[in-house]
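Numbering (my numbering), first residue to last: 9 to 148. Glycine included, every Cβ here is placed at the ideal spot set by N, Cα and C. Structure first, commentary second.
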Amino acid sequence: MMKNIVVIYTSRTGITKQFAEEIAAFLKSSGNEVNCFSDERVDADAVNKADAVLLGCWTHGLFFFAQHPAKPWTEMVKQLADLRNKKTGLFVTYKLATGSMFKKMRQHLIEKTTDIRLELKARNSILTELHKKEIYSWLQ
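Below you can see the structure in the form of structure tokens.
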């Protein structure tokens, strides 16, 4: 069944943007309607109409600890509508480790949703076959 999906990302060097675009392209090729936005250009109406939302950010912080989402991502999350009736997933890009990224991202989303069933991580912008399987499973 076709779903309406929104992918929103915060990117600093372009790697997270490329990963978000890879995710969006995969979702489109699977027959879904997909919108992909940077944190600066989120379309609130598209988010409200979406069946599923994927939120991504680069890993900010020290190499092995104190990782957290970048401020533009946390500011964007504050502006989002309630996501409780939408499938919600997270993705991050990183250099050495993701550490506490997903935990911290979830903390920022606590007012929006607590039902997050997808966590994707990538050291680069390449969407792997494992990522695709995880996304497919999440959408079911």
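Within the segment 108-145, the complete beta strand (DSSP E) runs of at least 3 residues fall at 124-130. Of all C-beta pairs linking the segment 113-121 to the segment 89-101, three or more are shorter than 8 Å, placing the two stretches in contact.
In this structure, DSSP gives K11 a state outside helix and strand, which the three-state scheme calls coil.
Non-local C-beta neighbours of K36 in its own chain, meaning closer than 6 Å and more than five positions away in sequence, comprise V42, ordered along the chain. With a beta-carbon spacing of about 6 Å, K11 and A60 fall inside the 8 Å limit used to define contacts. In this structure, W81 lies near T18, with their beta-carbon atoms less than 7 Å apart. Secondary structure of N93 (DSSP, three-state): coil.
M9 is classed as exposed because its beta carbon has fewer than 16 other beta carbons within 10 Å across all chains shown. The C-beta distance from K129 to T106 rounds to 5 Å, short enough to meet the 8 Å contact threshold.
For L91, the closest alpha carbon among the candidates A32, Q26, S38 and A52 is that of A52.
Between the alpha carbons of A89 and K57 lies a distance of about 11 Å. Residue burial is scored here from C-beta neighbours: T101 has at least 16 other C-beta atoms within 10 angstroms and is therefore classed as buried. By the neighbour-count criterion, in which a residue is buried when 16 or more other Cβ atoms sit within 10 angstroms of its Cβ, K111 is exposed.
Around L126, the same chain offers G97 and W146 as residues with beta carbons nearer than 6 Å, after the five sequence neighbours per side are excluded.
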